[in-house]
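Working notes for the structure below.
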Amino acid sequence: MAGRGHVDVSERRLRPIYDALDASNNKKAIQEADKVLRKQKDLICAKALKAIALLRSSRRQEALLLAAEVASQEPIEEATLQALTICYREMERGDLVARIYENAVKKVPQSEEFLSHLFMAYVRLGEYKKQQQTGMALYKVVPKNPYYFWSVMSIVMQALTTEDEKLSQKMFLPLAERMVEKMAKDMKIEAEAEVRLYLMILEKQKKYEEALEVVVGPLGSKLISEIELQSLKQAELYVQLEDWPKANAKYRKLLLTNPDNWLWYIHYFNSLFHLVNSGWTPSEADEGSSTDVITGTVDMAIAFVEERVEDELKNGKRLQRGPFLARMELLKRLTERGNQEAADKIGSPSDLLKEYFGKFGDKPSCFMDMRPYLTMMKLDDHAKFVEELQTYLEIPKKGGELSLPSDVKSMQRHICCVGLARSLGLQEHLTERNRDELIQDLMRRHQHGLQFGKDLLPTDVQPSDSYLLMTVHIKYAVYLKTQERSLLFEMIVMLEKGVACSPSNAQYKLILIKLYILLGAFQPCKKLYDNMEIKHIQQDTLGHFYSCYAVALGHLTSACSILSAMLKFFSANHKDTTEYIIAAYKYGSFHKIPEIISFRERLNLSHNYSALAVERMLLDFIMETTNPEQMRELLDFMEISPEKDEIKWDLLKDNRDMTVLSSWEPKERELTDQQIEQSFCQDKQWLRLRSLILRSLAAVILMSQPAPLDGEHSLDKQDASKNGESQVGDGNTLLSLILEINAHVQDVECQPSSGNMYLLCGPVPTRMKVYLDGQHHILLTSIFQVAVDVHSLETSDLTGQSQELQEQISRNFDCILKTLEYVLDSMDTPIATPCSPPQVYPQVLQGLVLLVETLCLMALVTSQCQVMLKPLKATLTKKKKKKKNPTTIVPQVFNDYKMFVDSLVQFGEKLHKCLMEVNTVITGVDVSTLEIGPVLEHAEKDAISVETVWKKVKDSYQISVGEMSEVLKQKLQFLRTIRL
Amino acid sequence: MTTLRPFTCDDLFRFNRVNLDPLTETYGLPFYMQYLARWPEYFQVAESPSGEIMGYIMGKAEGRVAQEEWHGHVTALTVAPEYRRLGLAAKMMSSLEQISENKNCYFVDLFVRVSNMVAVDMYKKLGYSIYRTVLEYYSGDPDEDAYDMRKALSADVKKKSIIPLPHPVRPEDIE
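If you read the protein sequences in the order shown, they are chains A and B. Quick note on numbering: the first sequence equals residues 367 to 1346 in the numbering used here. Quick note on numbering: the second sequence equals residues 162 to 336 in the numbering used here.
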């Protein structure tokens, strides 16, 4: 090592480089580094810093070479190592970070610092085996417990990630166990984290007996971070061991300390019924010890639960729901087991439910608490049950009619009561008149109830909002049956007024988004979505309400920003979470490590992530490219590989949150897991189609421009490329993609209708149906086929054997043009009917958007055909000149190409005219004649009406049309430039 | 009825009903990850019988022991609108206090918007008192002051930690 003075000098010299980097002035940083290097050639830290500056100036290849030069000197100075680490990390080359520390460790094997850097570098890479070795090396240098257990945890990670279950059970876990055992024997276990890791290892091997010994032994007393952790662990292990008497006693004891813990009741009941099934009877010994009483008969359990209820009632404090719910749960389970005699001892279901309603009816959670137990009642009892609940409402009746409540609690009870009635199916068979009366009553109550929330902050939800929500749910069910669009307007007006009165109600806003989308209007959704401040992980779980519609409804500019914002979240995920895996090692939160890793995986495999990325790339091609070279550049930047499907279809995760909207639907109409699964399958089918189209487009570009461009992409390939394959274009790739598209479409068409309509809280179908009806797959596969054939022409003799190819090209051109005409003709429904009753047809908009998109894609493919045809024509012209034979016939393909481009332009102009007409039609719609049902009346909220809602819809349509026509004009211009 | 259990990463996929509340901030992943990796026991979620997330509490232990500043801190406490008025917040607070007791903390503290009277009153009922006012702690339009509220734990026998400061402080003055 150099002397201190030397270090100071170096430090002083390096300072300006650091400063420039900090100020993001990369150019200056490079200059400063060069300056230093002129003075002091061997100051490699300056080189490492320069590499960072180069990288940040998009000179990746130079940066890589320079960094490699520094690394090859195997530096051990902290500053240099740090700079290299930053450089490699920004390049996402964590493997190289590990390498520099491997070298540093080789030189200074006793360095705790280098070893721990190396350990963390391996954590970033998920190199568990090397982590294990490095952890052990660290422990040998500095015998601190955490290092030892880092190594143990690294073995556990190998066990958890190996696909060979045998290896995991026979080698890794026993090894980890022995390592911890050794420490335990030497009395060297210090921290709770170490004990928890020990338990994890034993449990993974199903060694529950041994784990139990640890928990009840001296090491168990270290389990204190979570409340009752030692007891809980013990109880869990009894369950694992199927030691039902002990599990029963333990959970019973736990419930005595906290009679409100649901999970404990569930375990308690499970253990109880295991005991009952095995014919357990109390023995004297069991009765002896008072603390570990086993209550293994139904009677004992009933008594125990009744005691909890009694105690709760005696308590005098605010009632906890636990004991009351537990009693219903026990009743439900007994009924399900057919033990009517015992069930009768607890009471009748309706009595218990009524009692619960009496006690908790004024809590907003009451409906959700009671719902699972409604099934205990017989069908005939439902009406009577709801009728009887009225006596608990504390709302007087006037002339047989229920008056308005005088306080918020009575109102809350009534809300719950209406919800129960709906859930019990009592609203299913109402006559139209009764239903309208019900709706009017709910609306009246909503409005009246607003007074109870007068003093609330604007950030609070109004207590009477549920009335309005239930009304909307009822109306939506009608809409599903009748498809009457005036209902959409009606619901939107209601909810917009609702938002005006209760600006923090997210339910309102999410439903509004759904309804506006159904009307084909994206613009109003933006404000609603932004207003809810949905961000970060919520973009994955709630994005499905919103994100894909910007593209689908032609709001392309918005789509670009929405998609990139969302993609940013996903792409940061890996880096963000990996840092905290490291933190979990540092703080000994070993049990969180596998959890964080699978979380990272779940985000990475999110269907949303892939879908957003594919849509974003398609959009970029459509919006950003106006010449063939640009397309090639964009493709290089995107790193799409046409040969390789990068999406792991079988592993894709459905991260949509389908539980966010409230629902009061009867059980048979509740959204089922099967429906969610089905909609996810459809989403995947749609994504597959889109991804195939994108890859086909990439294949076309690579086929016509196979030579890689100079630039980062091609250079990157050399540095141990990510794909490992070179991107050579040949027609076979594209051919097989075309076949794949056809097969996929056939698959989809074989399956039952994809146009499912779900309830309000359910998912929304994809655009597949509109797409296939619009023949877009036919248009695109035909143009892709043309590209393949044009490519084949290159290798054949233009005048002779290529005749067949040329004919095929001609046929496909024909097919495309005919299909286009057919598609446009079949979209003869106007987008709206202006006079009374006015109507809009959002599917027309969706169809137009797809048509514009397809036309753009075809223009792009055509331009690549031109790139391939141009040299052919040039050769031909040359030959002609040589032979001086003016009679040579111009091959048909050139003419056909010309005709095709002309027709495509003509068609585009026609489409453009259509879009302009849409504008006129939309502007001419007069909604004043649209009749909608009565909605909330508020002097100050009267500003919201069907007219204001329509204006939003209209504005949104105009944006759609405007953006569509812009991109279409741009592509038509492009088409005009690619004549031969 | 509550199942109080440690918050897991997967709960982030399901906490929307809670987080759509305008006063409940949805943070970037690093923020949650940091708590999960460092203070996993301090991040607890309350789950309903049907498995819905009713609310959660996020906290940490920090401060120097020597200065008797070692304390539990409540970073976030929130309950979905449907599950309010059931005493859930009190339960989660008491669990955090218990965890802090086990760690021999001297006190538990938290910050709350001065305008959020419902919350301030609730914390008072739970034994917290205003220790100091932090000026313009919450950024927004306009910025809003925070109360730093504290409750002494058994390690602070003389309850020194909760003697109110006479003057308000600026956010940069707090650790």
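Each residue gets a CB set at the ideal place from its N, CA and C atoms; glycine is no exception. Remember, predicted model here, so these are calculated numbers, not experimental data.
| Query | Result |
| --- | --- |
| Chain-ordered neighbours of residue 171(B) on chain A, where CB pairs are closer than 9 Å | 961, 964, 965, 968 |
| Coarse secondary structure for residue 957(A), derived from DSSP in three states | coil |
| Own chain partners of residue 293(B) with C-beta closer than 7 Å, once the 5 adjacent residues on each side are dropped | 309, 325, 326, 329, 330 |
| Residue range of the unbroken beta strand (DSSP E) whose run includes residue 166(B) | 164-167 |
| Candidates 945(A), 1014(A), 462(A), of which the one nearest residue 194(B) by Cα | 945(A) |
| Cβ-based burial, residue 1220(A) [other Cβ within 10 Å; buried from 16] | buried |
| Own chain residues within Cβ distance below 6 Å of residue 498(A), not counting five before or after | 517, 520, 521 |
| Simplified DSSP state of residue 649(A), which is helix, strand or coil | coil |
| Integer-rounded CB distance, given that residue 1130(A) should sit under 8 Å from residue 1060(A) | 23 Å between Cβ atoms; not a contact. |
| Cα-Cα separation, residue 374(A) to residue 408(A) | 15 Å |
| Short CB-CB distance (under 7 Å) between residue 194(B) and chain A | yes |
| Contact list for residue 482(A) against chain B, beta-carbon separation under 7 Å | What residue 482(A) touches in chain B: nothing, since even the nearest Cβ is about 17 Å away. |
| Cα-Cα separation between residue 1112(A) and residue 1143(A), rounded to whole angstroms | 11 Å |
| Neighbour flag for residue 236(B) against chain A, beta carbons, 7 Å | no |
| Meets three-Cβ-pair contact criterion under 8 Å: the stretch 870-883 of chain A and the stretch 1019-1027 of chain A | yes |
| Assigned secondary structure, residue 270(B) (DSSP; H/G/I helix, E/B strand, else coil) | strand |
| Among 417(A), 645(A), 613(A), 969(A), the one whose alpha carbon lies nearest that of residue 635(A) | 613(A) |
| From 964(A), 500(A), 458(A), residue whose alpha carbon lies closest to that of residue 173(B) | 964(A) |
| 7 Å Cβ cutoff, residue 293(B) in contact with chain A | no |
| Close-in-space but distant-in-sequence residues of the same chain around residue 789(A) (CB under 8 Å, 5 per side omitted) | 733, 737, 740, 1030, 1031, 1032, 1033 |
| Contact with chain A by residue 267(B), beta-carbon distance below 7 Å | no |
| Residue 1188(A) burial status per 10 Å Cβ neighbour count (16 or more: buried) | exposed |
| Under 7 Å from the C-beta of residue 178(B): neighbouring residues of chain A | 1026 |
| As assigned by DSSP and simplified to three states, the class of residue 791(A) | coil |
| Helix, strand or coil at residue 1031(A) according to DSSP, with G and I counted as helix | coil |
| Three-way DSSP call (helix, strand, coil) for residue 694(A) in this model | helix |
| Contact check, residue 266(B) vs residue 301(B), beta carbons under 7 Å | no |
| Residue-chain proximity (residue 1352(A), chain B), Cβ-Cβ < 7 Å | The displayed coordinates of chain A run from 367 to 1346. Any statement about residue 1352(A) would go beyond what the structure contains. |
| 7 Å Cβ cutoff, residue 187(B) in contact with chain A | yes |
| The stretch 422-430 of chain A in contact with the stretch 400-407 of chain A per 3-pair CB rule at 8 Å | no |
| Validate contact between the stretch 804-814 of chain A and the stretch 828-846 of chain A using beta carbons, cut 8 Å, 3 pairs | yes |
| Short Cβ contact (7 Å threshold) for residue 453(A) with residue 396(A) | no |
| Within chain A, the residues that residue 228(B) reaches when beta carbons sit closer than 9 Å | Neighbours of residue 228(B) on chain A: none; closest Cβ ~22 Å, over 9 Å. |
| Range covered by the alpha helix (DSSP H) that runs through residue 911(A) | Run containing residue 911(A): none; DSSP gives neither H nor E here. |
| Per-residue burial, residue 176(B) [other beta carbons within 10 Å of its own, 16 or more giving buried] | buried |
| Start and end residues, beta strand (DSSP E) containing residue 244(B) | Premise fails: residue 244(B) is in no beta strand (DSSP E) and is neither H nor E. |
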